[in-house]
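J.:
Number of protein chains: 2
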Amino acid sequence: MESHLNIQKGGDKLPEMINRQFKRKKRKSLSVADYVQAILNGNIIVLSQAITLVESNNSEHQKVAQQIVNACLPHSGNSIRIGVTGTPGVGKSTFVEAMGEYVTNLGKRLAVLAIDPTSQISHGSILGDKTRMETLANNKNAFIRPSAAGDSLGGVARKTRETIILCEAAGYDVIFVETVGVGQSEVAVHSMVDFFLLLLLPGAGDELQGIKRGVVEMADIIAINKADGDNLEKAKYSRSAYRNGLHMFPAKDSGWIAKSMTCSAIENTGIIEIWQSILQYQQFTNKNEYFQNHRNNQAQYWLNETIQNQLKRRFENHPMIKAQLTTIKKEVQEGKITPFAGAALLMDLFLK
Amino acid sequence: MESHLNIQKGGDKLPEMINRQFKRKKRKSLSVADYVQAILNGNIIVLSQAITLVESNNSEHQKVAQQIVNACLPHSGNSIRIGVTGTPGVGKSTFVEAMGEYVTNLGKRLAVLAIDPTSQISHGSILGDKTRMETLANNKNAFIRPSAAGDSLGGVARKTRETIILCEAAGYDVIFVETVGVGQSEVAVHSMVDFFLLLLLPGAGDELQGIKRGVVEMADIIAINKADGDNLEKAKYSRSAYRNGLHMFPAKDSGWIAKSMTCSAIENTGIIEIWQSILQYQQFTNKNEYFQNHRNNQAQYWLNETIQNQLKRRFENHPMIKAQLTTIKKEVQEGKITPFAGAALLMDLFLK
């Protein structure tokens, strides 16, 4: 474990002195200030280690992680955070790779954070992911990091949000948060990004299969991917159908009108247009002040969410509640007591 | 107060003996068993009084109310609960009146519960409502009851759900829960009804003005009201637009495919077709067992919701939290601490 976490190589952007210092120190002897300095210098090895601390459930690690995150906080925020979602098979990785190549060529620094709450992500699948995004993985201006999963959604959300802060402090100015659009994760992702991109396959009505209700409505762009070869006509049809149908959704708080576009990550078409729409969105929402207000609201949302989750956890772990919750749930289920009477009984137990 | 709550008239469905007993007793001397018996006998005066107890914030009233509701619970459930929403001006009252006349003529007994969380409902507006639904108010098979508002949404939700139970025990087999589609109330209503009907005005794209995001997606029927006179063509156009556009929404858990229809409450057209679709929905979801599963899930939902709300209230009323919450919210807002660090600080205060 320790050798894995030692500084082994990299850190070539650090001044030689700091670099030497890191090389000599074991991870445990790195101070919070060391971490922060290295992150601000763009040292991706230290950045990765800090993210590992953020993801750790060990309370000592958590303590250090919180200090690092708080110290990085004033240096964060200078990015556009883009959520990318879509069902498995829609070509998210290929899309992110194509978009990533394009934006890094523009001189941007890109961080890709992938959340998959439906499956455990082992170190093996980190490699798996790197294989899937081979070109991007070798791009020195891109940083790819799958999330640690197998945790509560609330946990993943906190970890991803704090990872965004660390990446921004490390100078990444485009953040992709990639998720599978089939679970609850996309709601969480939507609550931590500035812009939400939904990738769909060309189709005639069944292109939404597997997409959770509410996700279409969150989208700032619906991009019909794989608009190439035999699929091109079908993709154009889907684009029009969505273009016509998008008026069914009430206006967004941002004032932005969602767009329906086509792209082919493989043929590299539509990528520029999507990026330009994202920039247009950024300009538009900067002008009407939604951009910053939305981020502030998101912070309040996560404050409330976290409090609620922790209160709930504390309630559920209470010995009296543990003993009675199943019984009362069953009685509510069977219509023997109302949900409100059930809740009142449980609250009485909790408060005694 | 007392004279208002006395039994004054009505109760003509009660056996003469019980009726005489009620006439002699002041409200305070009515036992829970008296209430329940009268409700089961369909005595609308006692039903109204029981609802008043359910709506009361007085803890003595609450205690009695809970006993009445629990005793009525085994006699509840034999109705179809229909949520009706739409912006002000869409003609909800006229629609409910037209639909109400139709279903009571079929021999059904109808209860109309109106929730308006955006304004205080005084006794005056109960009269106001009766004026708005003049025919229905004089229909002996219809019972109209506006909700007590000016309360938290959670409170209104509990009260409405418990009122549904009382009305079902009193033999009402069609329950309309009417709400304005502009606040958060329609989400709460959606979580307590079997079927959700969205009324829209004829229009070309702006018919959703004022409708909250997510509401369209909840609808089992979108009914374009006021499809009469000069509006008829526009209404037909809207219906087609929604019909084409509804495929944009992922499949509902119920398996039901939302319908887009037109109606005119004033000319009494489309009312029968909507009612038949509601029956069709009921058959369909009885067959695939969604109907009862959904009600069970709703009960669990309200159990969890109520616990969460009460934990939150307890947290917010804690003296240490009261003293610090604003400060910490501000620091989160200004990006001085992360929402997660803010939540951790507050939880520490709460637990000490």
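Those protein sequences? They're chains A and B, same order as listed. So the first sequence is numbered by our numbering: it starts at 932 and just counts up by one. So the second sequence is numbered by our numbering: it starts at 932 and just counts up by one. Each residue gets a CB set at the ideal place from its N, CA and C atoms; glycine is no exception. Everything numeric in this text was worked out from a predicted model, so none of it was measured.
Taking any Cβ of chain B, which residues in the region 976 to 1008 of chain A have a Cβ under 9 Å from it, in chain order?
T.: Within the region 976 to 1008 of chain A, the residues whose Cβ lies closer than 9 Å to some Cβ of chain B are Q997, V1000, N1001, L1004, P1005, S1007 and G1008, listed in chain order.
J.: Give me, in chain order, the residues of the same chain whose beta-carbon lies closer than 7 Å to that of B:G1008; leave out the 5 immediate sequence neighbours on both sides.
T.: On the second sequence, residue 1008 of chain B is found 77 positions in, with the first residue counted as 1. E1099.
J.: Expressed to the nearest angstrom, what Euclidean distance is found between the alpha-carbon atoms of A:I999 and A:I1075?
T.: In the first sequence, residue 999 of chain A corresponds to position 68, counting from 1. In the first sequence, residue 1075 of chain A corresponds to position 144, counting from 1. Each residue's alpha carbon lies about 20 Å from the other.
J.: Per DSSP, what kind of secondary structure is A:K1243 in: helix, strand or coil?
T.: The sequence position of residue 1243 of chain A within the first sequence is 312, counting from 1. Helix at A:K1243.
J.: For A:F1107 and A:L1037, which I take to be in contact (beta-carbon distance under 8 Å), what is that distance rounded to the nearest angstrom?
T.: Numbered from 1 along the first sequence, position 176 holds the residue referred to as residue 1107 of chain A. Numbered from 1 along the first sequence, position 106 holds the residue referred to as residue 1037 of chain A. That belief does not hold up - the Cβ atoms of A:F1107 and A:L1037 are roughly 15 Å apart, past 8 Å.
J.: Excluding five sequence neighbours on each side, which residues of the same chain lie with their C-beta closer than 6 Å to the C-beta of A:I1155?
T.: Counted from its first residue, the first sequence places residue 1155 of chain A at position 224. Closer than 6 Å at the Cβ level, and outside the excluded window around A:I1155, lie L1131, P1133, A1166, S1169, R1170 and T1193.
J.: Going by beta carbon distance, what residues of the same chain come within less than 6 Å of B:V963, once the five residues before and after it are set aside?
T.: As a working note, residue 963 of chain B is residue 32 in the second sequence. Here the set comprises Q998 and I999.
J.: Taking the C-alpha atoms as reference points, what is the distance between A:E1065 and B:Y1221?
T.: On the first sequence, residue 1065 of chain A is found 134 positions in, with the first residue counted as 1. On the second sequence, residue 1221 of chain B is found 290 positions in, with the first residue counted as 1. When rounded, the distance between both Cα atoms is 46 Å.
J.: Report yes or no: is there a C-beta of chain A within less than 8 Å of the C-beta of B:I1197?
T.: As a working mapping, residue 1197 of chain B is identified with position 266 in the second sequence. No, B:I1197 lies away from the interface with chain A (no Cβ there is under 8 Å from its Cβ).
J.: Hey, B:E1109 and B:K1023 are a contact pair by Cβ (cut 8 Å); roughly how many whole angstroms apart?
T.: Along the second sequence, one-based indexing puts residue 1109 of chain B at 178. Along the second sequence, one-based indexing puts residue 1023 of chain B at 92. Yes, B:E1109 and B:K1023 are in contact; Cβ-Cβ is about 6 Å, under 8 Å.
J.: Quick check: A:W1233 and A:Y1033, are their CB atoms within less than 8 Å of each other?
T.: Your numbering for residue 1233 of chain A matches position 302 in the first sequence. Your numbering for residue 1033 of chain A matches position 102 in the first sequence. Cβ atoms of A:W1233 and A:Y1033: not closer than 8 Å.
J.: For B:A1196, count neighbouring Cβ atoms within 10 angstroms of its own Cβ and tell me buried if that reaches 16, exposed if not.
T.: For the purposes of this step, residue 1196 of chain B is taken as the residue at position 265 of the second sequence. B:A1196 is buried by the Cβ-count criterion.
J.: Assuming A:V1111 contacts A:G1014 under a Cβ cut-off of 8 Å, what Cβ separation, rounded to an integer in Å, is found between them?
T.: On the first sequence, position 180 is the one that residue 1111 of chain A refers to. On the first sequence, position 83 is the one that residue 1014 of chain A refers to. With 8 Å as the limit, A:V1111 and A:G1014 do not qualify as a contact, their Cβ atoms being about 12 Å apart.
J.: Under a Cβ-count criterion, where at least 16 other Cβ atoms within 10 Å of its own Cβ denotes burial, should A:T1237 be classed as buried or exposed?
T.: Locating residue 1237 of chain A in the first sequence gives position 306, where the first residue counts as 1. It counts as buried.
J.: Can you look up A:R1076 in the DSSP assignment and give me helix, strand or coil?
T.: Numbered from its first residue, the first sequence carries residue 1076 of chain A at position 145. Here A:R1076 sits in strand by DSSP.
J.: Does A:Q1241 pass the burial test, meaning 16 or more other C-beta atoms within 10 Å, or should it be called exposed?
T.: On the first sequence, residue 1241 of chain A is found 310 positions in, with the first residue counted as 1. Answer is buried; the Cβ neighbour count reaches 16.
J.: Could you check what DSSP says for B:A1154 in three-state terms: helix, strand or coil?
T.: Position 223 of the second sequence holds residue 1154 of chain B. The answer is strand: DSSP assigns B:A1154 an E or B state.
J.: Consult DSSP for A:A1182 and reduce its assignment to one of helix, strand or coil.
T.: Taking the first residue of the first sequence as position 1, residue 1182 of chain A is located at position 251. Residue state, collapsed to three classes: coil.
J.: So B:T1016 is in the beta strand (DSSP E); what residue range does that whole segment cover?
T.: For the purposes of this step, residue 1016 of chain B is identified with residue 85 of the second sequence, where counting begins at 1. From DSSP, the beta strand (DSSP E) with B:T1016 extends over I1011 to G1017.
J.: Measure from the alpha carbon of B:Q1231 to the alpha carbon of each residue in A:A1274, A:G1186 and A:F1215, then state which is nearest.
T.: Translated into the one-based positions of the second sequence, residue 1231 of chain B becomes position 300. When only C-alpha atoms are compared, the closest one is A:A1274.
J.: For chain A, check one thing: does any of its Cβ atoms lie closer than 8 Å to the Cβ of B:Y1173?
T.: Reading the second sequence from its first residue, position 242 is the one you call residue 1173 of chain B. B:Y1173 counts as touching chain A.
J.: Measure the beta-carbon distance from A:R1012 to A:I1095 and round it to whole angstroms, keeping in mind my assumption that it falls under 8 Å.
T.: As a first step, residue 1012 of chain A must be located in the first sequence, where it is residue number 81. As a first step, residue 1095 of chain A must be located in the first sequence, where it is residue number 164. Indeed they touch by this definition, with Cβ atoms about 6 Å apart.
J.: In three-state DSSP terms, what is A:K1090?
T.: Residue 1090 of chain A sits at position 159 when you count from the first residue of the first sequence. Correct three-state label for A:K1090: helix.
J.: Bridge partners of A:V1105, per DSSP?
T.: If you number the first sequence from 1, residue 1105 of chain A lands on position 174. A:I1011 and A:L1041, per the DSSP bridge assignment.
J.: Around the Cβ of A:R1244, are there at least 16 other Cβ atoms within 10 angstroms (buried) or fewer (exposed)?
T.: In the first sequence, residue 1244 of chain A corresponds to position 313, counting from 1. When all chains shown are included, A:R1244 counts as exposed.
J.: Quick check on the DSSP output: the alpha helix (DSSP H) that includes B:T1035 runs from which residue to which?
T.: Indexing the second sequence from 1 puts residue 1035 of chain B at position 104. First-last of the alpha helix (DSSP H) with B:T1035: K1023 to N1036.
J.: Under 8 Å, do B:A1150 and B:L1129 count as touching if we go by C-beta distance?
T.: The residue given as residue 1150 of chain B occupies position 219 in the second sequence. The residue given as residue 1129 of chain B occupies position 198 in the second sequence. Cβ atoms of B:A1150 and B:L1129: closer than 8 Å.
J.: Is A:H1249 near A:F1281, with beta carbons less than 8 Å apart?
T.: Position 318 of the first sequence, counting from 1, holds the residue named residue 1249 of chain A. Position 350 of the first sequence, counting from 1, holds the residue named residue 1281 of chain A. Yes.
J.: Under 7 Å between beta-carbons, which chain B residues line up against A:T1237? List them in chain order, please.
T.: As a first step, residue 1237 of chain A must be located in the first sequence, where it is residue number 306. Here the neighbours are P1270, F1271 and A1274.
J.: When you compare each of B:G1031, B:E1093 and B:G1086 to B:N1070 by their alpha carbons, which one comes out closest?
T.: Locating residue 1070 of chain B in the second sequence gives position 139, where the first residue counts as 1. The option with the nearest alpha carbon to B:N1070 is B:G1031.
J.: List, in order along the chain, the chain B residues whose C-beta lies closer than 9 Å to that of A:G1266?
T.: Along the first sequence, read from residue 1 onward, the residue named residue 1266 of chain A stands at position 335. Simply L1004, P1005, S1007, G1008, R1226, N1227 and A1230.
J.: Let me make sure I understand the geometry here. Which of A:D1279, A:T1018 and A:E986 has the alpha-carbon closest to that of A:V1146?
T.: For the purposes of this step, residue 1146 of chain A is taken as the residue at position 215 of the first sequence. Residue A:T1018 is the option with its Cα nearest to A:V1146.
J.: Please name the residue, chosen from B:A1254, B:N1235, B:I1268 and B:L1256, that lies closest to A:F1246 on a Cα-to-Cα basis.
T.: In the first sequence, the residue the question calls residue 1246 of chain A occupies position 315. Nearest C-alpha to A:F1246: B:N1235.
J.: How many whole angstroms separate the CB atoms of A:L1004 and B:T1025, which I take to be in contact at a CB cut-off of 8 Å?
T.: As a first step, residue 1004 of chain A must be located in the first sequence, where it is residue number 73. As a first step, residue 1025 of chain B must be located in the second sequence, where it is residue number 94. Contact flag wrong, Cβ pair sits at about 55 Å.
J.: Just the C-alpha distance for A:A1158 and B:Y1212, rounded to the nearest angstrom, thanks.
T.: The sequence position of residue 1158 of chain A within the first sequence is 227, counting from 1. The sequence position of residue 1212 of chain B within the second sequence is 281, counting from 1. Using only the alpha carbons, I get a separation of about 38 Å.
J.: Scan the region 1086 to 1116 of chain A for residues whose Cβ lies nearer than 8 Å to a Cβ of chain D and list them as they occur along the chain.
T.: No chain D is part of this structure, whose protein chains are labelled A and B.
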